[in-house]
Each structure stands twice: as C-alpha cells, then as structure tokens.
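S.K.: The sequence shown maps to residues 24 to 633 in the numbering used here. Idealized CB from N, CA, C, for every residue including glycine.
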Amino acid sequence: MSAIIELKELGLLADSAGPVGVESNGSGRRPKVMLLFPPNWTPTMPHLALPTLAAYLRQNGVEVTQRDLNVEVFDEILSRRYLTATLARLRRTEAGRISPEKLNWALQTGPRLAKKVERAKSGIRSSAFYDGPIGLELFSTLLDCLEIANLPFYPAALNFQGYDAAGPTDNSRFLLQGVRDERHNMFLDIYRRLLLPDIRRTQPDIVGISIPSMAQMLPGLTAAYLIKEEGLDCHVTVGGPHISMLRAQIAEVPALFELIDSAIVFDGEVPLLHLARAVAADGSLSDVPNLIYKDGGRLRVTARKEPEKIANLPLPDFDGLPLDRYLAPELALPLLTARGCYFGKCAFCNVGYGEPESFSQLRAHQLADQMLALHRKYGVKHIFFSDEAVTPRNLRDLSKILRQLPEELHWGGCVRFEKVISGQLLEDMGIGGCRMILFGLESASAAIIDHMIKGTQLPHMSRILKESSAAGIWNHTFFFFGFPGETIEDAQETVNFLYGHKAHIHSAAMGTFLMERDSPAHKYPDSFGVKQVIEDPARDLAIYFDFEVSAGMSEQMAEMVHDKFLESLPSKRFPQFYISDVYRFLYASHLSERQIPHPPWLVPEDGVVQ
Numbered sequence: 024m025s026a027i028i029e030l031k032e033l034g035l036l037a038d039s040a041g042p043v044g045v046e047s048n049g050s051g052r053r054p055k056v057m058l059l060f061p062p063n064w065t066p067t068m069p070h071l072a073l074p075t076l077a078a079y080l081r082q083n084g085v086e087v088t089q090r091d092l093n094v095e096v097f098d099e100i101l102s103r104r105y106l107t108a109t110l111a112r113l114r115r116t117e118a119g120r121i122s123p124e125k126l127n128w129a130l131q132t133g134p135r136l137a138k139k140v141e142r143a144k145s146g147i148r149s150s151a152f153y154d155g156p157i158g159l160e161l162f163s164t165l166l167d168c169l170e171i172a173n174l175p176f177y178p179a180a181l182n183f184q185g186y187d188a189a190g191p192t193d194n195s196r197f198l199l200q201g202v203r204d205e206r207h208n209m210f211l212d213i214y215r216r217l218l219l220p221d222i223r224r225t226q227p228d229i230v231g232i233s234i235p236s237m238a239q240m241l242p243g244l245t246a247a248y249l250i251k252e253e254g255l256d257c258h259v260t261v262g263g264p265h266i267s268m269l270r271a272q273i274a275e276v277p278a279l280f281e282l283i284d285s286a287i288v289f290d291g292e293v294p295l296l297h298l299a300r301a302v303a304a305d306g307s308l309s310d311v312p313n314l315i316y317k318d319g320g321r322l323r324v325t326a327r328k329e330p331e332k333i334a335n336l337p338l339p340d341f342d343g344l345p346l347d348r349y350l351a352p353e354l355a356l357p358l359l360t361a362r363g364c365y366f367g368k369c370a371f372c373n374v375g376y377g378e379p380e381s382f383s384q385l386r387a388h389q390l391a392d393q394m395l396a397l398h399r400k401y402g403v404k405h406i407f408f409s410d411e412a413v414t415p416r417n418l419r420d421l422s423k424i425l426r427q428l429p430e431e432l433h434w435g436g437c438v439r440f441e442k443v444i445s446g447q448l449l450e451d452m453g454i455g456g457c458r459m460i461l462f463g464l465e466s467a468s469a470a471i472i473d474h475m476i477k478g479t480q481l482p483h484m485s486r487i488l489k490e491s492s493a494a495g496i497w498n499h500t501f502f503f504f505g506f507p508g509e510t511i512e513d514a515q516e517t518v519n520f521l522y523g524h525k526a527h528i529h530s531a532a533m534g535t536f537l538m539e540r541d542s543p544a545h546k547y548p549d550s551f552g553v554k555q556v557i558e559d560p561a562r563d564l565a566i567y568f569d570f571e572v573s574a575g576m577s578e579q580m581a582e583m584v585h586d587k588f589l590e591s592l593p594s595k596r597f598p599q600f601y602i603s604d605v606y607r608f609l610y611a612s613h614l615s616e617r618q619i620p621h622p623p624w625l626v627p628e629d630g631v632v633q
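This is the structure in structure tokens:
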C-alpha cells in the first residue's frame, strides 16, 4: 500500500477466541459505552472503527451508542440554518481577520448558497451524482458553502480532503490550547449543541474516541475537553492507529491526561470491554490490557495482549449510524478480509507500528457470508475492502463464490502486483463483481522498487494493469516521488511507465515520500541511504519527519518533481468523481453497469459526456 494515501483501518483486535461472559462485570448492570468518530474527510461511507468495536461490545452484553461525528458535523455545517448563522457572524467580523475580497464574496453569494445547500446535499445522495454537469454544480455549491462556513475560523478549515487546524497538531502545547480556542475551533459550538446533550441523556460509563489520523487529533480531543469542562461523569478514552503510533510519546505528555482518562493502544476490542466493566464496577484499571492511564500523580502502562484472529470477531455492526446521511449516491460499506499485511516488508510502511506484525485473514466463504449479511441487513450492494492488500487466494476463491450467487454484489480493494495475478483471475474477478482495484505501484524504477523492498516486478506490473483493464476493472494506482536514493532519472522512469500505460490507468493518488514513524526507513535509516532523520523537539507528537539523504533527490527536489508532474496532468471536466476512493468505486460500478468504457486518467478528454 502507498505511503501517500493512508487506508489503514482501526486495527484493534480482541484477545480471546469467543465472547467474554458478561458475568465478569460484577456490578449487576450492563456497562454503557458511547463511541465517537471525529470529523476529518468527505463522509462517503462509515469508517470501520466504530462498527468493529460496537459489534464486539454488543456481543458481550455492553450497551453501545455509536456516533459518526464526521457525517454529523458535515451535515450540520452544510445546512441552511448553519450557513445563515455564519453569515450573521461574518457581518460582525472585525476588520483584518478575513480579506475584504473574501468577506464581500461570502456576504454577497452566501444567502443564495444557503438556499441551495440542502438541495445540493440531496442531489449528491441521489442518481444526480452520476450526471456530470449536474453533479459538478452540486459539488461546487457544497464546496462554496464549506468555504463560507470555515471563514469565521480562519485559517482552520474543514474540507472534503481533511481538516486543517490553525496550528501544528503534532505539537502537544498547540493541541492543549486548540481544544479550547473559541476563535479557531469550529467544533466547540457544534459539539455543545449536538453531542453534549446526548451524553447527558444516555449517561455512558465510557466515551471512547477513535483517532485513526493526525488530522483527527484536535476534533477528537475537543470532544474530550468539553466532556471534562462540563463535568460529565464518564471515563474518556482514546484509541486508534494514531494513538498506537504515539504510545511512547503520549506517555511523556501528562498534560494530555487532563483531557482524557486513558488511551488504548494496539488491539482494542477486549481492552475496551474490560475497561467498560472496570469503570462500571468502580474497579481497578491495572488489569485492563493495552492501556495507558493516570493513577494518582503518575501514568501507568499495562501489559499488551496478543491480537485475535479476525475469524473470531463478529461481523461489523452498523446499527445506529445514520446510513442515509452519507454524501454518496448509493450506500457503500467497508469490510476487512484480513488484519495486518501478508507482505509487511515495504520500507515506507509502518504496518505493525514498530511491533512484530500479526496477520490473519478470513476465508473466502466467510467473506462471502459477511457480504451477503450486510446486503440483506442494510440493502447494500457495494462493499469496499479496506485492507492493506487482499491476498491472491481470497481474490480467486471469493470471485468463484460471488459469480454463483443470485445477488449482485460489487466490490473493490487494494491488491499487490503479484506474479500469480493472472489474466484469467482478473477476468474471474470482474465477472464476480470486482469493479475497482487499488494498486500500490509506488515507483516504476526497478532499482527503487528493490531498494524500498516492494517485492514487485515491472513486467508483472505492466501485464496486470493491461489484463485488469481488459477485464473491465477500474485501475487506481498509488505512487510517490522522493524515496531515499531516488534520482531524477528514476522518477522519470515512473513517469514514463505511467504514460506508457495511460490507456490502462483510470485514476491515481500521488505525492512525495513521507518518513513515517516506525517504518523500516525510519528505524534503520542507514540501510536506506538516509543521512539524518530530523526530529524537531517542538513536534513532540510527530509521526512524520524531515530527513537528509546521502544520494539522490532531496525532499525539496522531490516536491518540485511532484508539483511539475501535477501541473502537467490533463484536467477533468467532472473532478467530483475522483475526490475519494468511494466516489471512484461507485462511478466505476455505474459505468460498468452501463457498459461505458472507463476514462483513462492521463488521456485528455474529448468533450464527450460520459
């Protein structure tokens, strides 16, 4: 998988092969847990974090409320009521905070946009999404409305690509100030109105906040801050990949535990279950595994439990999530075929977060059963596998099963360029409902592929792209410039490969190499030609680091190569189809159903409306 676009799911695993008996609570009542997923990106489908935890907790007798604040906040901001209130606030804005041109634009166009915003949301949630000109108009309306909604909090901004805070979210001092900053933190008012009343009403024992990404640190910790500020009687815990990556650093910042009571790292279903029982019974936290918590004046870290096999976990439970409010024309739901990465060697990837990697996968018949269960329960026919990479065995066996079913299920996910991925397998996958594959191309320089321990070969990459395209599958690729040691000539090989296969690549996510905490390149820099990893003391919660290389392009040169390539790309008349993986997936499925060829990414459009 690419180091540029991060698709990691929660990765929180259980520590027993079956349900843990509710009698272990000892308090005589069912624990109550509220799960929160903070805002970050376009709310096109639920993240797997909450449904995975909710399923395990409910199976073990815990009462669970799950709140996808990502979709709730976007739905709130993109409303006539909110925009009207924003315009009133902008009329009172002090001079100099916002440029006069931007302020005048907002005040002049805002009333008209406020009247259109609800219709635009409804349109995106309908088949109008697939109509290029209409869909573009709808998205343009939502983009303009988001820009206006963000203006009072400038320079902070929530947009379809993520959340940009007013300062560095890898700096604990900024986070501690930012969670209470009324001037720049848009979530304070929204949470007070939408979230806190529900916490008061439901009175959970625990509020669990999932934080998969750095951009969600401030939105997530803002919820924690408000719970503490309001004096609500519940235990606040955080977890997720970002927290696991920062487990050592968090333990060095005791002030964060003024906002939270604990942090769960690595595998989380069983720790959260044990934590819920302990809190509900006023018991000790010392026996809760995978926990960082404050005990009097010091922080304690409990023992880690080994992760459970995915086959022993229940089907993710989406009950309680507002499935009709996601900004997509059709419901898509995520699933995992496996936990971990079956390859797990790429030098740019920190899978395992510095600990020995554990891999387990579902068998194809289990996957098919889960897909059918979601189809029958929620009416969904689009399933997105959020794995690091689906194994060739599951691709083969699942395709055979699905092509025999009367139900039509469409699916997509990440796949490695493996030699065993044959033209026949890809054809079977297409017949079996595969509509999009996300390939980790990374580089097309043989020397750099070997240097980054990618384990792929150019001849197979070339063949698979062609055979996948011929099978009617949308090919999405990840690639980046600037891996240590990469030269301009190496980067040119990647560009040449992309254009040499432009008829078979339908979309891509590109960027520059990120030196990620606990990746092999970060842990063993000398082995990858890194002269120095630069650690800024002010960025005490950093997961990405600047670096200097012994040879090849510098970080700055790689950025220039990236920007030049980006500028050369042909424009898309309807860019809304390319905003997110879910939109690409649904668009590819829509085109396939109508037997319309997938438009190549690097080929200029000819003016024909698809």
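Given a cut-off of 9 angstroms, decide if LEU174 and ALA636 are closer than it, judged by their beta-carbon atoms.
M.R.: The requested residue 636 is not part of the displayed model; the chain covers only 24 to 633.
S.K.: Measuring CB atoms only, is the region 92-99 touching the region 348-359, in the sense that at least three cross pairs come out at less than 8 angstroms?
M.R.: The way I'd put it, the region 92-99 does touch the region 348-359; three or more beta-carbon pairs between them come closer than 8 angstroms.
S.K.: Verify whether the separation of the beta carbon atoms of PHE520 and SER492 is less than 9 angstroms.
M.R.: no
S.K.: When you compare only the Cα positions, how much space is there between PRO623 and ALA526?
M.R.: 5 angstroms
S.K.: Evaluate GLY402 with the Cβ neighbour count: other Cβ atoms within 10 Å of its Cβ, from every protein chain shown; 16 or more gives buried, anything less gives exposed.
M.R.: exposed
S.K.: From the DSSP output, in three-state form, read off GLN226 for me.
M.R.: coil
S.K.: For GLU539, write down the residues that DSSP places opposite it in a beta bridge.
M.R.: TYR567
S.K.: Taking only the alpha-carbon atoms, compute the straight-line gap between THR67 and GLY320 and give it to the nearest angstrom.
M.R.: 43 angstroms
S.K.: Find the nearest neighbour of PRO339 within the set GLU582, PRO156, TYR610 and THR75, judged by alpha-carbon distance.
M.R.: Taking each of GLU582, PRO156, TYR610 and THR75 in turn and checking the Cα distance to PRO339, the smallest one comes out for THR75.
S.K.: Answer yes or no: do HIS499 and ALA531 have a C-beta to C-beta separation smaller than 9 angstroms?
M.R.: yes
S.K.: List the residues that DSSP assigns as beta-bridge partners of GLU86.
M.R.: LYS55
S.K.: Going by DSSP, what residue range makes up the alpha helix (DSSP H) through ASN335?
M.R.: Where ASN335 is concerned, there is no enclosing alpha helix (DSSP H), given that its DSSP letter is neither H nor E.
S.K.: With PHE503 as the anchor, note down where its beta strand (DSSP E) starts and where it stops.
M.R.: Looking at the DSSP string, the run of the beta strand (DSSP E) that includes PHE503 is 497-504.
S.K.: Indicate whether MET240 and HIS265 have their beta-carbon atoms separated by less than 9 angstroms.
M.R.: yes
S.K.: Using 8 angstroms for Cβ pairs, my map puts PRO294 next to LEU322. What's the rounded Cβ distance?
M.R.: Their Cβ separation, rounded to whole angstroms, is 16 angstroms, which puts PRO294 and LEU322 out of contact at 8 angstroms.
S.K.: Distance check for LEU255 and ARG223, CA to CA, integer angstroms please.
M.R.: Distance between the alpha carbons of ARG223 and LEU255: 7 angstroms.
S.K.: Sort out for me which residues DSSP pairs SER530 with in a bridge.
M.R.: HIS499
S.K.: Enumerate in chain order the residues of its own chain whose CB-to-CB distance from VAL697 is below 6 angstroms, with the five nearest sequence positions on each side excluded.
M.R.: Look at the range of the chain in this structure, 24 to 633, and you will see that residue 697 is not part of it.
S.K.: So, for VAL324: in the same chain, excluding its five sequence neighbours on each side, which residues have a beta-carbon less than 7 angstroms away from its beta-carbon?
M.R.: ALA274 and ILE315
S.K.: So does the region 469-489 actually touch the region 360-370, counting three or more Cβ pairs closer than 8 angstroms?
M.R.: A contact exists between the region 469-489 and the region 360-370.
S.K.: Return the Cβ separation of ILE234 and PRO61 in integer angstroms, given the expectation that the two are a contact with Cβ distance under 8 angstroms.
M.R.: 7 angstroms
S.K.: Please list the terminal residues of the continuous beta strand (DSSP E) segment that includes ARG458.
M.R.: 457-465
S.K.: Per DSSP, what are the beta-bridge partners of SER145 in this structure?
M.R.: Note: SER145 sits in no beta bridge, so no partner.
S.K.: In the DSSP assignment, find the beta strand (DSSP E) that holds TYR316 and state where it starts and stops.
M.R.: 314-318
S.K.: Could you tell me whether the region 570-588 touches the region 507-522, where touching means 3 or more Cβ pairs closer than 8 angstroms?
M.R.: yes
S.K.: Quick check: PHE504 and HIS585, are their CB atoms within less than 9 angstroms of each other?
M.R.: yes
S.K.: Looking at the secondary structure, which residues open and close the alpha helix (DSSP H) in which PRO264 lies?
M.R.: 264-268 is the span of the alpha helix (DSSP H), which, as asked, contains PRO264.
S.K.: Among GLU329, GLY552 and SER102, whose alpha-carbon lies nearest the alpha-carbon of CYS168?
M.R.: SER102
S.K.: Please name the residue in ASP318, VAL302, GLY291 and GLY306 whose C-alpha comes closest to that of PRO312.
M.R.: GLY291
S.K.: Is the separation between the beta-carbon of LEU448 and that of SER422 shorter than 9 angstroms?
M.R.: Against a cut-off of 9 angstroms, the Cβ pair of SER422 and LEU448 comes out as a contact.
S.K.: Nearest to LEU395 by CA position, among ALA412, ARG362 and TRP434, is which residue?
M.R.: TRP434
S.K.: Using the C-alpha atoms, what's the distance from GLY185 back to SER603?
M.R.: 11 angstroms
S.K.: Tell me which residues share the same chain as ALA172 and place their Cβ nearer than 7 angstroms to its Cβ, disregarding the 5 neighbours each side in the sequence.
M.R.: ILE100, TYR105, LEU106 and THR109
S.K.: When you compare only the Cα positions, how much space is there between LEU425 and PRO415?
M.R.: Spanning the two alpha carbons is a distance of roughly 15 angstroms.
S.K.: Given this structure, state the Cα-to-Cα distance separating ASP305 from SER285, to the nearest angstrom.
M.R.: 15 angstroms
S.K.: Going by the DSSP bridge assignment, what does LEU110 pair with across the sheet?
M.R.: For LEU110, which the question treats as bridged, DSSP gives no partner whatsoever.
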